Every structure is written in C-alpha cells, then in structure tokens.
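Using the numbering used here, you'd call the opening residue of the sequence shown number 17 and step up by one each time. Beta carbons: idealized from backbone N, C-alpha and C, even for Gly. The structure presented is a predicted model; accordingly, all values stated were derived computationally and were not measured. Note sheet for the following structure.
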Amino acid sequence: MLMLRELLTVAPGTTRLVIQDNHKPVFTNCSTYQPTVKEEQDPGTYVFTVTAVDKDPPESGGTVTYTFVEKRDEKTPKFNIDPNTGRFDRDEPIREKEEYLVVRATDNGRPQLDDVCNIKVVIEDINDNSPVFDKVTYLESVPQDLAVGREVMRISATDIDDGNNSRVAYSLERNPGYFRIDSNNGVIFLDKPIDMDPGHKFTMTGRAEDSGSPPRMTEIELEVLVVESHKKAPTFVDGGATWDITLPENYSNYTAALPNGVFKAVSNVPEDSEVIFTLVSGATEQTNKLGTFILETKGDTAFIKLGSALDYETINEYTLTLGVRNKHKLAAETSINVFVTDVNDHIPSFNFKEVPEGIVLENEPPGTPVMQVRAIDIDGTSANNIVSYKLDENSKHRDLFQIDKDTGNITTLREFDREENNRYQIKVIAYDNSPSALKNNGEPNTAELSFWINIGDKNDNPPVFTQKIYVAEEIPENANTNALVTEVKALDKDTASPVTYDILEGNVGDAFYIENTTGKIRVKNQLDYESITAYTLTVRAFDGKYNDTAKVEIKIANVNDNPPVFLKFNNNITIQEEMIVEGCIANLEAYDPDIQDRSAPQHIQFDVVKEDQKALLSIDEQGCLRLIKPLDRDPPNGSPVWQVLIAANDEDGGPSSLQSTAELIIILEDINDNAPILDMVQPVVWRENQPPGKITTLKAKDYDSEANGAPFKFRIDDSAGPEITNNFAIRNGDENDNPMKPGQSNIFVYNYKGEAPDTEVGRVYVEDPDDWDLPDKYFVWKNGNHPNFDLNSNTGMITMLSHIPDGTYILEFTVTEEAPLIPRHSVDAIVNITIKVIPEEAVDKSGSIRFAGITAPEFVAPGPNGSPSKQELLRWRLASLLNVSVENVDVFTVLHSPHNTNGTQLDVRYSAHGSPYRQPEKLNNLLAAHQEEIEQELGLTILMVNIDECLMEKVFCETESCTNFLNKSNVPYAVYTNTSSFVGVRAVVDPLCNCKVKERPICLNGGTPIGPFNCECIDGFEGPYCELISIGFHGKGWALYPPLSACEEARVSLEVTPYTEDGLILYVGPLRYNPALHVQDFMSLELRSGFPRLLMDYGTGTVFVENKQIKLSDNKPHHIDVIWSKTSIELKVDNCQMSSCLALTTPQGPNEFLNVNGPVQLGGTTIDLLSLSKLMNWTHVPTSEGFSGCIRNLTFNEKINNNSDTNNLDIEKQLRIRLCI
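Right under this line is the structure:
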C-alpha cells in the first residue's frame, strides 16, 4: 500500500481544497477475487464488482474509473464494466470453462495514475445439453440358443456438459422381459432364454439420462432379430467389454496402430472366417464425430490409428465403439476408452492489446507497489500451467525493482527522483512449472514482456513568471470585448502541478479578465481613454501549493470614437431657380469632440452626400456651400424643395474617420421658363368620308407654378414659335367600305416535347383593303368543327388544342361580313397549319443568334412578291454550312427577350441533326466563322452569336457571379402576320446571379444510374457520370466545350502530358471582332519552352503569369489549376506550395469578371489569334500553335467535361486526334 504524505492547503481567496500529493489507486483485495458466473446467461447478468481505493479527494485525484485492458486476440469483449462503480456483467454468451480479465483503475489526478488487477472468472456449467447416442438406429441379431447372461448389444451416448451434468445412466423402456441393461455402460445382456422362432424381432426403447438437475434424457429405438441356433455372433479374441488406451496429447504417430490398439476377432462361422470391422462415428467429438481416430483392417485384425491431432485442453477423453460382423449379419461390439494426458505444450502469454505502463511517485520509500503483471498458461493441468515471474537478469534496471514470483506484483527497491530520470524500462519473464514439450531442452516454457515504469511527479517546485513586468502598449480604447491584450507565462518544473492564473489587484472597473489556464489577459468591459489612460495589474500564478506574482502595465491608446458635431446654421434658404448665386448659399461649421482644443485645427472635410447633387453643388473645407449649376424647380426633373445632405468627416476624411450629416432645405422661387404642353390622348381619330365639323377639344398643362400657368391660349400655326412644344396628331380612321375576297394563309407550329397547352396560333385570313373591319366579320367552320382546333367566331382566332398529333392540317372556313357601306356577303378562307414536335434534346443542343434592327413579324413574314422569309433563308443557309438536309434543320425560337428593352433586337434559336444532334459549341463556332456571309444574305446585322445575358459586365448582376440558364417552357411563343404566322418554342436565356446552378446528373455513354447521384459505367469511361476524360492531340486538332460562366471565383483544372515544348493548351474568348459589343475578355493557357504561361483579360487590359519552376515537357503527367477572382489570378502546377512556385498576379481593372461566350477550345483553335489580337488591342498575344500530347480531367468549378462527342472535334483533323491510352 502506498504510504504517501498528504499536504492539504486552501488557496488564498478561494474555498477549493487543493491536494499537493497525488496517490495512485490500489486494488486492495485483488488476490482474493474469485468471481463465478453460469454459462449461457443473458447479456447484462451481474458477475462481480471490483474496487480500487485512492486516498486523494474526489475532485483532485480521488475519483477512480474502471476499464478492461483489451486482449490481443479478443475481437468482441465478453464483459462490460461500469467505469464509475467497477461492476462488470456479461455482454455475450461464454462457453469456455474460465475467462481471464485485466481491470485497470485510473484516477483523475495530474498526472493520471493507474493500477491493474488480473482476475480469473470461473464459468460454471449448466445442464443445457441432452445425451446424444452414437448411432441413429440400433439393430442387432442373436441366435435362438444364445446363453443367458451373454451380451446382445451395447448402446452408447455422450453428454458434452461438464461434471455431473455429463454423467449418463442407461435404462430400457418397453422391455419384453428377455433383456437387461447395465446402467453404467449401456451393455444389454440376455436375461432369459429365447423361446421365439427365428425371424422374430424384439422392439424396445433405450434411454440415456444425465445426472443434472433437472436431468435431461434422450431415447432411441432398439431392435433385436432372432436367428437360427446354429448361427453364432463373432467374438473378440482376448477381450472384454472395454479396452483402455492412454495417449499424451502430443502423440503424433499417424502410421502405426495405437498402443493397445490392435484387435482380433473370430467369425464363429466354421466354413467362413471372414469378418467386417466398423469404427462407429458418434454424434459428438468425444465419440469420434470428427474422425480423430481411424480404422484399418487386415483379415481378422483391426488396427486403430490416430487420424488428427490431439489436444488435452479441448478433449481429454474419447469413447470409441468398435464393431465386428460375420456373414450371418451377426455382430459384436466393444468399447475403447482413450485417455489423453496433458503435456506442457503451451507458452505463458501476456495477452494484452496494449503494453501496460506502471507508475510510481517520486520520493516514495522502497517497497512501494508499482503494478501487477499476469501471464496465462492454458495448459489443462496444474502440473503444467502454474506461472511464476522473475525480472530479466540482463535488465539494465533490475536492481531498482523486484517482482513477487507467484503474484507478479512489482515493487520498488529504492526512492526515485523524477528530475533524475522520469521512466525506466524493465523486462519480466514468465515461466511455467514443468519441462517444455515444445523445446525438448528440459527447461520450462517462458514468455517475455518489456514495458515502461514512469516516475510520477510531486509538487515540490514553485511556478516562476518569465518576466516580472509585462507591458502591453497601445491597446485601443474601442477594443472589442474578449480582445487579447497580452499573455503572461509562469514555468513550473513539476509536470503534475498545473498552473492557474488570476488578477489580484489593479483591475479598475473590472476592465480585464485573465484566462486561468493560459494566462491570456483579455478585455472584459469597455475601455475609455478619456477616463483612464493606463492600468497596472498584479497577477498571480498558483500551482496549488506555491505561487508567484508579476506586474502587467497596460497602456490605453486614444482612438477616433466621436463623430464631428455641426454648429447651428441657417438650414432653410430660398433662392431663385435656374440662376447661379454668387458666393456661398450657406455656411456650415463642425468640430471634432476628440480634439480637446477647439481653437486647434479640427481637420474636418465636408462633402455633398447625394451623388446626383454633386454635379450641382460643392462645399469647401471652410464649409462654404456653392452652386455649380442652376437648380430646377419644375417637373419632370426638378422639385420646388431640394433636400441637401452635407457630410462632415473628421481626420480629413482618412480611412479611420467618422462622419456626421446635416440637412439643408433649399426652396426655389419659380420663373416662367416652361411652355404649356398638350395634355390629352393622341392621335385623335377622324374617320374617312365624314363632313367638316368639330374634331376635339384641346387640353394643356404647364410645369410652372400656378402664377405662371393657366389659363392658356391655343392657335394652329405651322410656323409657330418656341412656345409650341409638341405637335397635335390626327389620324384618318378607316371605314369598312370595301368587300372582302377569299384568302389563304399558313401557320407553322413547333410543339415542344408535344406538351403545348391550348394555344392561339393565328387568325383566319381573307383579303380585304379595310383595316378596322374585324367587328363586322363573323367566322364559322365550313365543314363542321375540327377535333384538334377551336375557332373564335367573333375574332377568327384559331386555337390549337393540347395533345395534338404532329402533321399538316388544311382548315376551311366561311367568313361573313356586313357593314353600313357594304351589303352582307360571304367568302371562303383556307388555313394550312403544320405541327412539328421538337424534342428536348434539340433545344438543349441548340445554337443561338441575336439579330439587330428587326422585329419578330418582319423575320417570319414572307419576303417581297412571295419570296422566302428571313427565317427560311437562315434555315437553308445553315443546312448548307452543316452539310445536312434542310429537313434536319429547325429554326424553332423567334422572340424578343424579356430581359432586352430594345424591341428591334431579336433572339433566334436553331438546331441541326443527322444522328445525333450537333453540339451547340460546334453550331455557334461554325456560324461565327461565316457570320459576314449570313449577314449579307439576310440583310441583317448579327449582334451576338451564342446569346449571353452575362456578357456585358454588371448589367444584371451588379456585384455577384452571373450564369446563363436556358429557361424552356411548353407554352409556345406566337408571332402573327397576315398571311403567315409562326408559333415557336419559348426558350429564353435567363441571367442568374449565382455560379452554382444545380443540374440533374445524367449518366453518359451507356452508364446506368445507381441511386440519385451515382452511375455504373462501362470500361473506359472513368468520369463520375461516365464521361470520357482523356483526349490526345498531335498539333493540328482542337476540341470544343461549353463556355465558362462569369463567376466571382472560378477554377479550371486539367492534367497535361505534353510531347513538345510549345503549343496552345486552352483558349476561351471571342471568335471574331464585333464592334457593336466591344467585349475583349479572353483567357489562354499555353506552353512556352516547356513552361506553362497564362494570359487573362477581363476586358480592360491583358495580364500574364507563368511558372518557371516546373517544366512540363518531361513526358510525365502534370496537374494545372487556373484560379481567378475579382482581385487575383493564379497559376498552380502540381499543387506546388513553395514560394518559388507562386505564379500570381492581379487583373487589370476596372472590370472584375471574365465575361466570355465563345466555346472553350482545347488543344488548338479555330481562329487566327494573332489577327484577332490586333483588332482587340490585346497587349499580350496568345499562340496559335497546336498542342501535342495528352489532356485529361478538364474541369470547370469541379464539373468534368466529356470527350466522347466527336461532333465537337475538328472533323478535318479527326484522324490526328486520338484518345489517350
């Protein structure tokens, strides 16, 4: 038991009990623990409670927790232990006879100390197994004249329980009276002469019952057949009912018969000596179920041999049944008992998963317990399994410790000083008590365990501050609560004595607090320089026994924490509008409260706050407010009263200045500077053929005040002066004075996915020079209603009904007209409607154009004299460029974008397919290459190829990322003209102020979806959604990918293996110069002399960055990351973090985003970049030389690109492009 002196003190200013010496916990009764538990008990069954005692107070080292030390080969623990009480119980069924546990008790001291206790748990057997017979059926034959008292048969059963639970007694049920059984060995004898004829069969039941409580039994059917008297059963020679054989468990002769294992038998058939032997395989391992013993025969002799290895610890006794049968099928049996003896064939084992460590406090007297070690020997008998212990004679520290040879308890031989040495390694040897059967050297089996014994620290040294005075300079008075001021540090040579800190004095106003474990001093309450400019704190370091103090000087810095204050001034003035007033219209003054001397310079800077007023008003440093331009009081841009906000900034408006604002009201006096204007609906309609008369009454208004306004005088004068501010419009209204004629029109409808709802597709057309005669007309079906269309009889509007099949429909109508000037008459009208279903793939893979200077009706209407419309001309031209039939080209969207206020800019979308649909990058790239030809043929100006609402920076997203999102609707977009109408797909590009547009993942290239976000891919397609991630180039090819979004932060990543030292890896930017847009943004990544070089232009200047540290042309793969944001552009190679690898620059402003709508071009380019750079005024020119090598894993913002679509490869150079292998 530890004999440690306790030193208890109370820390000054506290009531907390502090312990100075840390005692280790001790299992005081470990050697007496003998827990038992019955086998097969339910989990949670109580087993035992262990207790370790620690003399320390609970809060300072006296709280003990218990854990098991895990065994090396234990996968699942068989017991649970309560860490607080030491109670342990069953966790899973146990079938072994005993279980060894190691319990560790750990205290909560500093440092934590341990003790361990080795416990053997005896598993008590329960009678949970019934006896098992060694045969499925018993059938024997006996001669009619068998003598009374002779053996008829024997039955045998085995019970795998232990002790009395395994002892078996035999009995007969339904005994016909001829037989009796020996209850101990199961041999059945004839009890009276047989008086039955041959062929008679006796049937009875054999019972085997164990001696457990309650007992368990098993029954089996027995049959005895009576045969002729002259037939005799075979007999064993020189044998009785049983034989005994004894074998050591390490017996290993598999070729010879066992000692006493040779058996002879006679057939008792005079004319035939042949017999057949059988070795019965029982139902248990003890009755040879697993073939531990085998039978070999030769004539009338049987040989019992060893079939597999013996193990005393597993089975130490076998019961074999040897049978012999003659030609009359008469049999005899004998029992053979094989006894296995134990040998010393197991080495003691320190069965720990982790090697334990011992601990003893310094300065403890000799004989102090350190720890206990325990080794287990699983030999089956005490002659071989008693383990003793000793310290290794060659151990360096053998003279410092001793071990009890019987218990494994280790104690000290002297006192220790932790400062001299804080740990010692020792080696324990465990040895058993008989010569080893493994080594054959006459010595016992041994095992070794090396481990550390740690010397625990005692609190015998005081803490010492590293400085006597700590100084914290310039702590701002507006420092945040919890802001760090400084840190003090005290050192203590004792590791077991944690140092805590507190503030003793000087903390005025509770301004600071100190973290008691770190010594960091932080702000607790608001500081104020004007109240206290410096603090001197006394701080203490305390280790529970000793303490030290130090001073901390904290100096507070004055900060600008008071905004300027305006002096009173005339804040309401009146001046005349539209006039420059000389001098100051107002004088303002302000002072800074942080400057105590009002007569000193106040460093106030005045500003006009409202941006729209800065062009009209100015204020100087003296506070003089002047007019720059005259102020207007009249609508629509003026106001009778102007509110002007003036800001006063201290510190001359520096970065840390504070601001106050003052309001000034300016009232404007009106002058008559506005002419009256007409205030009425125009134009006024005057119908044709009316006699002269009153047309309308004129009304006007004046933006001046009432004094300079109504009443007004009106006159009509084409040569009037400037007082006439607008024209008066009269429109000649149409009268229905012309009869109509038959008409014919065409309507084309693209039905998106066949899902269009009921849709108005166009009106019935008849030829009529009158314009305003629709109310005089009435429309009806000529041949009855149509199942797929509705007709509005009053307007002639035709409605296409939902779920209509595609095809061509000829609709016939009768139109009737009647008006005052024309008689009632009727004509026929024919409308040819074509419906075509357009699939989603066509829209997703469509190219797009924005035309300038044309409306949707003008684009779809037929040309002069019935010539093709511009829509048809575009369709034919695209078919020619793409080398596909015109039927495979669809111009399916013609609309004015809701995001575009210019009504003469028209958005058109188109697709083309053979098999499959062409990719949009290829379509747009081809159209851009032939833009001038298309413009000339259509007579139109192309403003943009690939419609991009994010191309012009900050139009829709002021400070955020911008991503184009194609919004597709099944509600069509209709364009009506007289003789032709077009109903197309409503597909609009929406600008989303977000770079992360969520897309539904699609498994590509024959991949199979697995759950919502995973794919199972066929060989060769390695991307997360079965993308083909590699592509190779040989210097003249290229591949196209979707454009990049304008993101605040973006990254392009790829892996390259160059074959040459120069070439263009990647380009994204304009495909041609467009003066109407003047967007010059681009990015290019290239190899130059084997090193990567990046060019980037946000539209306001080209910058470049290159990495000269890592050369890429070494035929090895290299990873490249291009990372850009509003403020930086970075080129990373192989994730190199060294400063020499840093390739970083800033973009040239003022633009902040990379805005591109051209496709990403990989491995080469479709355009002449040198010529384009001259038109774009790029200061650095990207190379046009093609790349040779392999490129893999091209990703933009972690989205990988797919290389499997050959439509996006350079078709002419396709033979020179191969996939990387």
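- When DSSP assignments are scanned along the region 165 to 212, the uninterrupted stretches of beta strand (DSSP E) that are 3 or more residues long and fall wholly within it turn out to be 167 to 170, 184 to 189, 195 to 197, 203 to 206.
- Per DSSP, the beta-bridge partners of E156 are V240.
- Taking a contact to require three or more Cβ pairs closer than 8 Å, the region 949 to 957 and the region 966 to 975 do not qualify as touching.
- Looking at the DSSP output, Q921 sits in a beta bridge with A868.
- Under the three-pair Cβ rule at 8 Å, the region 268 to 287 counts as touching the region 303 to 322.
- Put simply, the backbone Cα of M1112 is about 23 Å away from that of T1073.
- By the C-beta criterion, the region 431 to 444 is judged to be in contact with the region 374 to 389, since at least 3 inter-stretch pairs fall below 8 Å.
- Straight across, the Cα-Cα distance linking K247 with S351 is about 24 Å.
- Its chain contains E965, C966, F972, C978 as the residues whose beta carbon lies nearer than 6 Å to that of P1007, once the 5 sequence neighbours on both sides are disregarded; these appear in chain order.
- Between the region 921 to 933 and the region 899 to 908 there are three or more C-beta pairs closer than 8 Å, enough to call the two in contact.
- For F84, DSSP records a beta bridge to V119.
- Within the region 915 to 985, the runs of beta strand (DSSP E) at least 3 residues long that lie entirely inside it are, in chain order, 921 to 928, 957 to 961.
- Three or more Cβ pairs closer than 8 Å define a contact, and the region 351 to 360 meets that threshold against the region 321 to 334.
- Listed as beta-bridge partners of S1046 by DSSP are R1208.
- For G778, the pairing in a beta bridge is given by DSSP as I814.
- For the pair E115 and I139, the CB atoms are nearer than the 8 Å cut-off.
- Around the beta carbon of T502, 16 or more other beta carbons sit within 10 angstroms, so the residue counts as buried.
- With 16 or more other Cβ atoms from the protein chains shown falling within 10 Å of its own Cβ, G1205 counts as buried.
- In this structure, A453 and I363 do not form a Cβ contact; the two beta carbons are roughly 11 Å apart against a cut-off of 8 Å.
- When the alpha-carbon of W788 is set against those of P755, S289, T303, S283, the nearest one is in P755.
- Take the alpha-carbon of D608 and the one of D648: they are about 35 Å apart.
- Pairing N665 with D720 gives a Cβ-Cβ distance that is not under 8 Å.
- Here H1135 is bridged, per DSSP, to E1071.
- Counting C-beta atoms within 10 angstroms of its own C-beta, T1118 has 16 or more neighbours from the protein chains shown and is therefore classed as buried.
- Look at the region 874 to 916 and you find these whole runs of alpha helix (DSSP H), each 4 residues long or longer: 886 to 898.
- Scanning its chain for C-beta atoms nearer than 6 Å, with the 5 sequence neighbours on each side dropped, one finds around R190 the residues M220, T221, in chain order.
- Here the alpha carbons of D806 and V1001 stand approximately 21 Å from one another.
- C-alpha of Q698 to C-alpha of E951: approximately 38 Å in a straight line.
- Between the alpha carbons of P478 and R614 lies a gap of roughly 55 Å.
- Secondary structure of G525 (DSSP, three-state): helix.
- An exposed status is given to A550, since fewer than 16 other beta-carbon atoms sit within 10 Å of its beta-carbon.
- Under DSSP, M220 takes part in a beta bridge, and its partners are L238.
- Straight through space, the alpha carbons of I471 and F43 are spaced by roughly 20 Å.
- In this structure, P656 places its C-beta atom within 8 Å of the C-beta atom of I683.
- Under a 10 Å Cβ-count criterion, G525 is classified as exposed, with fewer than 16 other Cβ atoms of the shown protein chains found around its own Cβ.
- Given a length threshold of 3 residues, each whole run of the beta strand (DSSP E) inside the region 291 to 337 is given here in chain order: 292 to 295, 309 to 314, 317 to 322.
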